[in-house]
Structure formats: structure tokens, C-alpha cells
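Chemist: Submitted below is the structure of interest, expressed as C-alpha cells.
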Amino acid sequence: MTTSTMNHTQIESDEELVRRVSAVGEELAAHAARHDAEGSFVREGVARLRAEGLLALAVPVELGGMGATVRQVALAQRVLARFDGSTALATAMHQHVVCFTAWRYRRGLSGAEATLRRVAEEGIVLVSTGGGDFTRPHGEATRVEGGYRVSGRKAFASLAPVGTVMSTMFAFDDPEQGRRVLNLAVPFASEGVQVLDDWDAHGMRGTGSDTVVLDEVFVPDERVLADRPHGVIDPPLQVICSIAMPIIAAVYLGVAEGAHAAAVAAVASRAEDVLVQRQVGVMAHRLRVAAWALDGALAEIGDDPDPSVERFAAAMAAKREVALAGAEVGALAMEVVGGAAFARGSVVERAARDLRGAAFHPLTPEETVVHAGRRALGLPVDEH
């Protein structure tokens with residue numbers, strides 16, 4: 001895919017962004033039920049977003065992208081999710097890696113510019129394994145001449161069927177510093193990388209979140225992006241989460257908004273029923289509060305965040321609020337629509353299942369409140 005075949009027009013306003021994403025979303029909505037029923041990957045959705053230039057949304061303008069902020073990326077994924085949750089969540093994993101790579105580029109860090117140019121010019125897809133790894137990654141790295149050999153299984157690797165490069169982590173026993181975490185960029189074309197066709201989940205069934213197996217894969221020193229302490233939410237991870245989690249939360253908020261809209265349309269003939277009014281009103285209330293939480297977190301985090309426990313906590317608090325609100329909205333939408341929503345193929349039924357996924361992204365809702373409690377009590381909060 002070359003630059004000439006992708007639309008990389010700079011985004012001038014939120015309204016323009018919403019229009020562009022909605023136009024794509026309306027096309028993707030036609031395929032969403034099929035991918036959910038089959039458990040098949042949303043391949044055409046990714047291709048359509050690439051052609052529209054939206055996979056380069058967060059690439060700086062001077063590198064050929066649209067120059068969107070983290071807030072704008074979250075908005076785009078939220079709007080897309082109203083039409084197709086799986087495509088929105090899968091591509092959110094690419095988008096947050098691009099956002100963090102842009103953060104690295106602004107600080108002159110190695111490899112960032114080249115990666116961003118490839119996203120804009122070639123349409124490469126970046127895959128994150130961070131949600132399944134976090135502070136204690138699966139797999140081991142061994143030091144060899146010129147780099148490392150890594151082996152392990154990486155589950156929940158969304159976009160794996162079309163991934164170009166993995167942003168992943170491996171544990172490493174450093175003889176001087178002890179147990180460490182290495183953040184690595186690993187091309188899918190590397191010898192020893194295998195993608196398993198094993199994604200078959202309750203919800204978000206089209207994300208292609210397959211397991212990636214790495215067997216003695218060589219990673220040169222120049223592809224080591226960070227060397228971090230093991231089991232610790234350290235400053236680099238604080239930044240990553242401050243960027244990634246609002247974008248991921250925005251997807252689930254968009255799915256919940258789509259479920260609410262579908263439910264309202266389905267019960268229009270029963271609008272005079274007070275119970276219907278109350279259920280629809282509770283959904284609207286929960287969505288409004290969740291949106292305030294997400295917007296507030298994005299405002300606190302900003303477009304170019306420095307490492308901060310406070311920003312990390314804001315991102316996690318917003319994600320927790322969206323996860324809880326989403327689960328409630330999904331259940332209420334099923335209840336108010338009634339038996340028709342219990343049938344497979346219903347937009348509301350699919351959304352209710354998709355929304356359950358929000359709780360599984362770290363930190364979980366319960367871990368989030370424990371983290372908040374430890375902060376309030378003056379206890380350490382960096383270990384996890």
C-alpha cells in the first residue's frame with residue numbers, strides 16, 4: 001500500500017473527523033453481524049480504514065499522517081464502535097501504539113520516526129501484546145551477540161492476522177540489575193514467529209486476537225525500545241497506559257452508545273410505558289456520566305503526557321467507569337428490548353457481549369479501586 005492510494009488529509013476539526021469515521025462505520029456495520037456469527041476477522045474493516053488513511057490518524061503531519069491528538073483518536077474509535085465494536089477495538093490497539101510512537105518521536109527516541117513513516121506510507125499495522133503482558137510478561141529473553149533470543153506465547157494479540165510489527169514485552173534476567181522487562185519491536189516476518197488461528201471468544205469476536213507463538217526469535221539491540229523493572233508500573237508504562245486506556249475505553253463507550261441507540265429505536269412504539277422510560281433514562285444517565293469520566297481523564301492526561309501516577313490513575317478510573325456503565329447499559333438494553341434482543345444477530349445482543357470485554361483490560365475494575373485506595377492511604381502503588 002503506497003501513499004498515493006491512501007487518504008491522508010489532515011483533520012481540521014472534530015466535526016470533520018466524526019463525519020469521516022461515521023461514513024466508514026456505516027459501511028462496516030453491514031459486515032459486523034457476519035463476523036460475530038463466524039468469529040472471523042474484520043479484514044475488510046481494517047482495509048477500509050487503511051484506505052481512508054485512518055490507520056495513520058495519529059502520525060504527525062510532517063511524517064505523512066493526519067496529526068490527530070490522543071483525544072481525537074479516542075473520539076474516532078468511539079464513533080467507529082457505535083457501528084462495529086470489533087473493528088474499533090482491534091484498530092484501537094494499533095492506534096494507541098502509533099500514539100505512543102508519536103510520543104517517542106517528539107522526544108527524538110530511536111526508531112520512532114521510521115516506524116511512523118511506514119505507517120503513513122506503507123500502511124503497516126502495529127500489534128500490541130501489552131494487555132496480556134503488562135508488568136509480568138509471558139516468555140523469556142536470552143542475551144546473545146547483537147541482541148536477544150526470545151520465546152513465549154502472546155495471547156490476545158488483536159490484529160494478528162494482518163500484523164506487521166509486534167510491540168511486545170519479554171522478561172529478562174539481567175546479571176547486574178536482576179529481573180527486567182524488555183519492550184521490543186518484533187516483525188511478524190521474523191523467523192520463529194507463528195500466528196495461531198485460535199480466537200473464539202464470548203464477545204469482540206472479530207478482532208482477530210489470536211495467540212502469537214515466538215520460538216527462539218532473534219531481536220537485534222536496535223529493536224529494544226525500553227529496559228524496565230519487572231513487576232513495576234514504572235514511568236514508561238505510566239505513559240503507555242495514560243495514552244492507551246482512554247482510547248480503549250472510548251471503544252467500549254461507543255459500543256454502549258450504539259446499544260442504547262438500537263434499544264431506543266426498538267422501543268419507540270412503547271414510549272409511553274413508564275418502565276420503558278425509566279430503563280432508557282438510566283441508560284442515558286450512565287452513558288453521560290461515563291462520557292464525563294472519559295472526557296475528564298483525557299483533559300487531565302493531555303496530548304503529550306509526562307509520566308505520572310496521577311495520569312495513570314485518571315486513565316484507569318475512566319476505564320473502570322466505562323466498563324461498569326457499559327455492562328449496565330448492555331443488560332438494560334437487552335431487558336428493555338425484550339425477547340428480540342435474546343436472539344443471536346441482534347445488535348443489542350452483540351453489544352451486550354462485546355461490552356463484557358472492558359473488564360479484562362488491565363487494570364481490572366477491582367484492581368483500579370485497590371490502586372486508588374492505596375494512593376489515598378499513602379501506600380506504594382508502583383508494583384503490580
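Everything in the sequence shown is counted per the working numbering, starting at 1 for the first residue and increasing by one.
Virtual Cβ for every residue (Gly too), placed ideally from N, Cα, C.
Nearest by alpha-carbon distance to Met283: which of Ala325, Ala299, Ala297, Asp303 is it?
Modeler: Residue Ala325 is the option with its Cα nearest to Met283.
Chemist: Using 10 angstroms around the beta-carbon of Leu49, count the other beta-carbons present and answer buried if the total reaches 16, otherwise exposed.
Modeler: The residue in question, Leu49, is buried, as its Cβ has 16 or more Cβ neighbours within 10 Å.
Chemist: Could you check whether the region 216-226 touches the region 289-301, counting it as contact only if at least three pairs of C-beta atoms, one from each stretch, sit closer than 8 Å?
Modeler: Judged by Cβ distances under 8 Å, the region 216-226 makes no contact with the region 289-301, as fewer than three pairs qualify.
Chemist: Using only alpha-carbon positions, find the residue among Arg34, Ala263, Phe170 that is nearest to Gly338.
Modeler: The option with the nearest alpha carbon to Gly338 is Ala263.
Chemist: Which runs of the alpha helix (DSSP H) spanning at least 4 residues fall entirely within the region 299-363, listed in chain order?
Modeler: Runs found: 309-337, 347-355.
Chemist: When burial is assigned at 16 or more other CB atoms within 10 Å of the CB, is Leu392 buried or exposed?
Modeler: Nothing about residue 392 can be reported from this structure: the residues present for the chain run from 1 to 384 only.
Chemist: Confirm, please, whether the CB-CB distance from Pro60 to Ala102 is below 7 Å.
Modeler: Yes, they are a contact pair.
Chemist: In angstroms with no decimal places, state the Cα-to-Cα distance between Asp390 and Val79.
Modeler: Residue numbering for the chain in the displayed model covers 1 to 384; residue 390 lies beyond these limits and cannot be assessed.
Chemist: Please report the straight-line C-alpha distance between Met316 and Asp354, rounded to a whole angstrom.
Modeler: Computed Cα separation, rounded: 19 Å.
Chemist: Could you tell me the alpha carbon to alpha carbon distance between Pro380 and Glu122, rounded to whole angstroms?
Modeler: C-alpha separation (whole angstroms): 44 Å.
Chemist: If you follow the alpha helix (DSSP H) that Val24 is in, where does it begin and where does it stop?
Modeler: First-last of the alpha helix (DSSP H) with Val24: 14-38.
Chemist: Can you tell me whether Ser167 is helix, strand or coil according to DSSP?
Modeler: In the structure shown, Ser167 sits in a strand (DSSP, three-state: E or B).
Chemist: With contact counted as at least three CB pairs below 8 Å, one residue from each stretch, are the region 98-116 and the region 35-44 in contact?
Modeler: Contact between the region 98-116 and the region 35-44 is absent, because fewer than three Cβ pairs lie under 8 Å.
Chemist: Could you check the C-alpha separation between Thr364 and Phe134 for me, to the nearest Å?
Modeler: Whole-angstrom Cα-Cα distance: 12 Å.
Chemist: So Ala120 and Leu63 are supposed to be a Cβ contact under 8 Å. How far apart are they, rounded?
Modeler: Indeed they touch by this definition, with Cβ atoms about 6 Å apart.
Chemist: What does DSSP give as the partner residue(s) for Pro220 in the beta ladder?
Modeler: DSSP, once it has assigned bridges, lists Gly147 as partnering Pro220.
Chemist: Under a three-way DSSP split, which group does Phe156 fall into?
Modeler: Of the three classes helix, strand and coil, the one that applies to Phe156 here is strand, per DSSP.
Chemist: Among the candidates Leu214, Ala30, Cys241, whose CA atom is the shortest distance from the CA of Pro307?
Modeler: That would be Cys241, whose Cα lies nearest to the Cα of Pro307.
Chemist: Using only the alpha-carbon positions, how far apart do Val347 and Phe170 sit?
Modeler: Taking the straight line joining both Cα atoms gives about 39 Å.
Chemist: Looking only at DSSP bridge pairs, what is Ala141 linked to?
Modeler: For Ala141, which the question treats as bridged, DSSP gives the partners Val150, Phe172.
Chemist: In angstroms, rounded to a whole number, what distance separates the CA positions of Glu27 and Phe83?
Modeler: When rounded, the distance between both Cα atoms is 9 Å.
Chemist: Can you grab the Cα-Cα spacing for the pair Gly192 / Val165, in whole Å?
Modeler: If you take the alpha carbons of Gly192 and Val165, they lie about 14 Å apart.
Chemist: Once the 5 residues before and after Ala92 are set aside, which same chain residues still bring their CB inside 7 Å of it?
Modeler: If we look at Ala92 and ignore the five residues flanking it on each side, its Cβ neighbours are Gln77, Ile247, Ile248, Val251.
Chemist: Please classify Glu383: does DSSP put it in a helix, a strand, or coil?
Modeler: In the structure shown, Glu383 sits in a strand (DSSP, three-state: E or B).
Chemist: Where does Val418 land, buried or exposed, given buried means 16+ other C-beta within 10 angstroms?
Modeler: The question about residue 418 has no answer here: the residues shown for the chain are numbered 1 through 384.
Chemist: May I have the straight-line CA-CA distance separating Gly208 from Ala265, to the nearest angstrom?
Modeler: Their backbone Cα atoms lie some 30 Å apart in a straight line.
Chemist: Going by the C-beta, is Thr101 closer than 6 Å to any heavy atom of the ligand HEM?
Modeler: Ligands are entirely absent from the displayed structure, and the ligand HEM is therefore not among its contents.
Chemist: How would you label Met1, buried or exposed, when you count the other beta carbons within 10 angstroms and need 16 or more for buried?
Modeler: Because the pLDDT at Met1 is just 42, under 50, the model does not fix this residue reliably, and the point stays unresolved.
Chemist: Taking DSSP as the reference, what is the three-state secondary structure of Arg226?
Modeler: The sequence shown places Ala at residue 226, not Arg. Three-state DSSP puts Ala226 in a strand.
Chemist: Roughly how many whole angstroms lie between the Cα atoms of Val181 and Ala157?
Modeler: Going by the C-alpha atoms only, they are around 18 Å apart.
Chemist: Apart from the five residues just before and just after Ile243, which ones in its own chain have a Cβ nearer than 6 Å to its Cβ?
Modeler: Excluding positions up to five away in sequence, the list reads Val70, His96, Cys99, Phe100.
Chemist: Using the rule of at least 16 other Cβ atoms within 10 Å of the residue's Cβ for burial, across every protein chain shown, is Ser269 buried or exposed?
Modeler: Burial call: exposed.
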